[in-house]
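Chemist:
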Amino acid sequence: MRLIEPRNWLECGIDKTEKVKVEKTYVPKGQTTSEWYLIDAAGEPVGRLATQIAALLIGKHRPDYTPGVVLGDHVVVINAAKVSINPTRQKEKVYYHHSGYPGGLKAVTITKRMATKPEAVIYSAVRGMLPKNKLTARYMSNLKVYAGPEHPHAAQNPKPFTE
1 MRLIEPRNWL
11 ECGIDKTEKV
21 KVEKTYVPKG
31 QTTSEWYLID
41 AAGEPVGRLA
51 TQIAALLIGK
61 HRPDYTPGVV
71 LGDHVVVINA
81 AKVSINPTRQ
91 KEKVYYHHSG
101 YPGGLKAVTI
111 TKRMATKPEA
121 VIYSAVRGML
131 PKNKLTARYM
141 SNLKVYAGPE
151 HPHAAQNPKP
161 FTE
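Residues in the sequence shown are numbered consecutively from 1, following my numbering.
(1) Measuring only the C-alpha atoms, how far is Pro149 from Ala107?
(2) When the Cα atoms are used, what is the spatial distance from Gly43 to Ser84?
(3) Short of 6 Å in beta carbon distance, which residues of its chain neighbour His153, apart from the five on each side in sequence? Order them along the chain.
(4) If you follow the beta strand (DSSP E) that Leu143 is in, where does it begin and where does it stop?
(5) What residue range is occupied by the uninterrupted alpha helix (DSSP H) comprising Tyr95?
(6) Suppose the cutoff is 8 Å on Cβ atoms and the five residues either side in sequence are ignored; what does the same chain contact list for Leu56 look like?
(7) Quick one: residues in its chain with C-beta nearer than 7 Å to the C-beta of Tyr65, no 5 flanking neighbours on either side, listed in chain order?
(8) What are the start and end residues of each continuous alpha helix (DSSP H) run of 4 or more residues lying completely inside the segment 36-101, in chain order?
(9) Does the beta-carbon distance from Ile122 to Ala54 come in below 9 Å?
(10) For Glu163, I'd like the list of residues in its chain whose CB is within less than 8 Å of its CB, leaving aside the five on either flank, ordered along the chain.
(11) Have a look at Gly68, Gln31 and Lys82 and flag the residue whose alpha-carbon is nearest the alpha-carbon of Val117.
(12) On the DSSP bridge list, what partners appear for Lys159?
(13) In terms of residue numbering, what span does the beta strand (DSSP E) encompassing Thr109 cover?
(14) Taking buried to mean at least 16 other C-beta atoms within 10 Å of its own C-beta, is Pro158 buried or exposed?
(15) Hey, quick one: how far does the alpha helix (DSSP H) through Pro170 stretch, first residue to last?
(16) Going by DSSP in three states, Thr136 sits in which element: helix, strand or coil?
Written as structure tokens, this is what we have:
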């Protein structure tokens, strides 16, 4: 229900003495704990992997999920260099960036990007799946991607993620 402006009370036929219900917003406390998940990207399609990672980062799987609040978990992705890419996508997908100088548009195919920085492919795919708002940078700070099977987050004891 929404409050009705005083100038519209008479037009709507509402008595001024009648109580109007107001919906209240639930704001979670800062006492939630975040989990650490480990995802092995070997042989997984990039897009499907990115949707799972984005859901974990946002916290959609949690019962205390609230939009506008960062309640998501930390995600560690290993074997990013072994991710599966569609052959058509290997020919057509191009990453663009600009150097800032006139004529400075740079283009890199996904095959070259996988050879030089395989982590960047996962990062850009997940970033595209996240909402475009002020929380995106905070979600992305909870994502750690590594090209090989080793990662420095053993102290956090990440749980293997199963679908």
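Beta carbons are placed, not taken as given, at the ideal position from N, Cα and C, and that holds for glycine.
Note that the structure is a prediction, hence the values are computed from the model and not measured.
Modeler: The short version:
(1) 29 Å
(2) 5 Å
(3) Listed in chain order, the non-local C-beta contacts of His153 below 6 Å within the same chain comprise Val76, local neighbours out to five positions each way being set aside.
(4) Leu143 to Val145
(5) Counting along the chain, no alpha helix (DSSP H) covers Tyr95; the unbroken beta strand (DSSP E) around it starts and ends at Val94 to His98.
(6) The residues are Tyr37, Gly72, Asp73, Val75 and Phe161.
(7) Gly59 and Leu71
(8) Whole alpha helix (DSSP H) segments, 4+ residues: 46-58 and 87-92.
(9) Cβ distance not < 9 Å, so Ile122 and Ala54 don't count as in contact.
(10) Closer than 8 Å at the Cβ level, and outside the excluded window around Glu163, lie Gln52.
(11) For the record, residue 117 in the displayed sequence is Lys; it is not Val. Checking every option, the nearest Cα to that of Lys117 belongs to Lys82.
(12) As DSSP reads the structure, Lys159 sits in a beta bridge with Tyr37.
(13) Leu105 to Thr109
(14) buried
(15) Nothing can be reported for residue 170, as the shown portion of the chain is limited to 1 through 163.
(16) DSSP places Thr136 in helix when its eight states are reduced to three.
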